[in-house]
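Working notes for the structure below.
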Amino acid sequence: MKAVGIVVEYNPFHNGHLYHVQQTRKKTNADCVIAVMSSSFTQRGEPAIVPKWERARMALAGGVDLVVELPYSFAVQTADRFAYGAVSILDALFCAQLCFGSEHGNIETFTKTAQRLVEQKEQHDEKVKQYIQKGMSYAKAYALALHDISHDTLDVSQPNNILGLHYVKAIIEQRSNMTPETIQRTVAHYHDQTLPANQSIASATSIRRFLQSGHDDVARYVPKTTYETLQTYRHTYTIWHDWETYFPLLKYRLLTMEVDDIQQIAEVEEGIEHRLKKTIVHATSFHDFLSAVKTKRYTWTRLQRICTHILTNVTKKEMGKAHENKGATYVRPLAMNETGRAYLQAVKKQMTLPLVTSVKQMRHDPIYHIEKKATQAYVSILPEPLWTEALQREYKTPPL
Numbered sequence: 001m002k003a004v005g006i007v008v009e010y011n012p013f014h015n016g017h018l019y020h021v022q023q024t025r026k027k028t029n030a031d032c033v034i035a036v037m038s039s040s041f042t043q044r045g046e047p048a049i050v051p052k053w054e055r056a057r058m059a060l061a062g063g064v065d066l067v068v069e070l071p072y073s074f075a076v077q078t079a080d081r082f083a084y085g086a087v088s089i090l091d092a093l094f095c096a097q098l099c100f101g102s103e104h105g106n107i108e109t110f111t112k113t114a115q116r117l118v119e120q121k122e123q124h125d126e127k128v129k130q131y132i133q134k135g136m137s138y139a140k141a142y143a144l145a146l147h148d149i150s151h152d153t154l155d156v157s158q159p160n161n162i163l164g165l166h167y168v169k170a171i172i173e174q175r176s177n178m179t180p181e182t183i184q185r186t187v188a189h190y191h192d193q194t195l196p197a198n199q200s201i202a203s204a205t206s207i208r209r210f211l212q213s214g215h216d217d218v219a220r221y222v223p224k225t226t227y228e229t230l231q232t233y234r235h236t237y238t239i240w241h242d243w244e245t246y247f248p249l250l251k252y253r254l255l256t257m258e259v260d261d262i263q264q265i266a267e268v269e270e271g272i273e274h275r276l277k278k279t280i281v282h283a284t285s286f287h288d289f290l291s292a293v294k295t296k297r298y299t300w301t302r303l304q305r306i307c308t309h310i311l312t313n314v315t316k317k318e319m320g321k322a323h324e325n326k327g328a329t330y331v332r333p334l335a336m337n338e339t340g341r342a343y344l345q346a347v348k349k350q351m352t353l354p355l356v357t358s359v360k361q362m363r364h365d366p367i368y369h370i371e372k373k374a375t376q377a378y379v380s381i382l383p384e385p386l387w388t389e390a391l392q393r394e395y396k397t398p399p400l
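Take the sequence shown: its position 98, counting from 1, is numbered 98 in the UniProt record's numbering, and each next residue is one higher.
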């Protein structure tokens with residue numbers, strides 16, 4: 001069986017994702033589509049709107065054969081580490097190809113640019129430092145430094161382009177046998193915040209915003225199973241998982257932490273802990289809080305990730321321990337159909353990483369130690385007894 005890997009968040013799974021899965025299978029002629037999916041929190045430092053189990057179910061209904069978890073220690077990270085972790089998991093599963101969506105749509109440009117990044121890493125890193133010293137954000141400095149060493153036409157200000165570049169770079173760095181492919185994104189832009197009136201594909205951002213504003217009529221933009229799953233979750237738990245719902249917990253954490261304790265949290269650097277501590281006292285919403293803290297150096301995304309690490313109490317020391325091996329240390333399936341099950345049976349004895357289906361198998365793993373904390377924080381906004389029930393799902397739910 002030939003497998004193709006995709007890296008996803010499905011927050012939530014929508015018609016654009018359905019198109020990506022269908023086109024991936026068509027373009028690669030793969031027998032098995034494997035999705036490595038962020039768990040409770042996303043790369044941009046946001047809580048997933050519904051838990052990983054619901055999102056994994058949406059993925060299966062949308063044509064994915066096997067869904068495996070991208071642990072928090074990779075999922076809530078810079079694009080570089082996010083991609084490295086995802087590629088290490090797909091490589092361990094013997095995927096022949098990795099297929100990602102991008103705004104650019106030409107795989108040759110990605111491959112050429114990634115090769116230059118690997119070959120000229122020191123020059124690029126030095127140029128990034130120089131631009132940051134001039135007061136630029138990391139993202140802006142990275143893009144300018146990349147242009148200086150490559151002069152290619154890849155626009156890394158586009159979110160899927162930058163992730164795609166790092167997937168290809170990770171494949172090169174890990175000497176993986178996977179070959180990269182890309183599919184050009186259609187219609188909806190990643191950052192679009194409004195639902196298009198005359199189209200059936202909308203960005204996940206716009207769908208979430210619509211749902212969080214109290215509306216639920218998103219049936220046009222998502223597969224039927226996604227719509228039904230969202231409706232059932234909302235009816236059962238009465239909430240969506242978003243930053244405003246978590247804000248009281250974040251405020252409590254920041255108010256009761258000492259500045260020195262905040263400084264120990266992952267990604268907290270350059271004295272931002274003082275700004276966070278000072279601003280939280282007057283903030284009445286997450287949006288207002290981040291708006292007041294944001295600077296040229298600290299982008300919204302970076303601040304959201306810092307807030308996520310504060311909420312989950314993940315320290316630099318813990319994150320450093322989790323990344324000692326660079327890549328993943330286990331593969332955890334969340335959901336599979338018969339094709340996915342057959343594929344796992346065929347490859348599991350040759351896998352270089354352990355295939356785990358019970359958290360007991362991971363209890364001493366530094367990556368899972370962080371994952372457990374993330375799950376505990378994620379479910380903490382639920383009322384009892386739903387809180388405890390949701391917590392038990394992490395420990396007792398077998399792959400769907």
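Here a beta-carbon is modelled for each residue, glycine too, at the ideal position from N, C-alpha and C.
Confirm, please, whether the CB-CB distance from residue j to residue i is below 8 Å.
i    : j    : result
Q97  : V4   : yes
A335 : A30  : no
D65  : I89  : no
L230 : P12  : yes
I201 : Y227 : no
Y395 : H241 : no
F286 : T279 : no
E318 : I239 : no
L154 : T113 : yes
I381 : Y298 : no
A141 : V128 : yes
I172 : V118 : yes
V293 : L311 : no
V268 : S176 : no
P223 : L18  : yes
Y233 : E54  : yes
F110 : G164 : yes
I6   : T24  : yes
Candidates the options: which alpha carbon is nearest residue i's?
i    : options                : result
R341 : D216, S380, P399       : P399
R81  : D365, N106, G320, T226 : G320
T357 : V379, Q376, Y343, P333 : P333
K296 : Q133, K52, Q120        : Q133
Q43  : D261, Q199, R305, R275 : R305
I367 : T24, S380, W387, E324  : E324
T388 : A266, K360, A204, Y237 : Y237
E46  : Y343, C307, D365       : C307
S213 : Y233, K224, E244, N198 : E244
D261 : K348, A61, H309        : H309
F94  : N106, H14, C32, N337   : C32
Y10  : T28, K26, V36, K27     : V36
L303 : L250, Q120, V359       : L250
T225 : A61, G16, Q361         : A61
Within the same chain, show all residues whose beta-carbon is closer than 8 Å to that of residue i, passing over the 5 residues directly before and after it, in chain order.
i    : result
G85  : L70, P71, S73, F74, A75, Q77, G327, A328
A346 : M1
Q264 : T315, K316, K317
D365 : T329, Y330
For residue i, count the other beta carbons within 10 Å of its own beta carbon; 16 or more makes it buried, fewer makes it exposed. Which is it?
i    : result
V314 : buried
H166 : buried
T169 : The amino acid occupying residue 169 in the given sequence is Lys; Thr does not appear at that position. Buried, since its Cβ has 16 or more Cβ neighbours within 10 Å.
L255 : exposed
V281 : exposed
R393 : exposed
R363 : exposed
A322 : buried
S39  : buried
E273 : buried
A203 : The displayed chain sequence assigns Ser, not Ala, to residue 203. Counting Cβ neighbours within 10 Å, S203 comes out buried, since at least 16 surround it.
T301 : buried
H14  : buried
K26  : exposed
G16  : buried
H104 : buried
K372 : buried
Please go through the same chain and pick out, in chain order, the residues whose beta-carbon is closer than 6 Å to the beta-carbon of residue i, but skip the five residues on each side of it.
i    : result
R208 : I49
F101 : Looking at the sequence itself, residue 101 is Gly, so the reference to Phe does not match. The residues are H20, N160, I183, R185.
A83  : H166, Y167, A170
Below 8 Å on the Cβ atoms is my contact criterion, and I expect residue i with residue j to pass it. Report the Cβ-Cβ distance as a whole number of Å.
i    : j    : result
I183 : H20  : 6 Å
A59  : V67  : 5 Å
Q22  : G63  : 6 Å
F41  : A374 : 6 Å
I107 : P51  : Contact doesn't hold; Cβ gap of about 33 Å is too wide.
Grab me the residues of residue i's own chain with a C-beta within less than 7 Å of its C-beta, minus the 5 sequence neighbours each way, in chain order.
i           : result
Q123        : I149
residue 404 : In the structure as shown, the chain begins at 1 and stops at 400. Residue 404 is therefore absent and cannot be evaluated.
E384        : none
V218        : I207, F210, L211, Y227
Check whether the Cβ of residue i sits closer than 7 Å to any heavy atom of the ligand HEM, and report yes or no.
i    : result
A335 : Because no ligand of any kind appears in the structure shown, any question about the ligand HEM cannot be addressed here.
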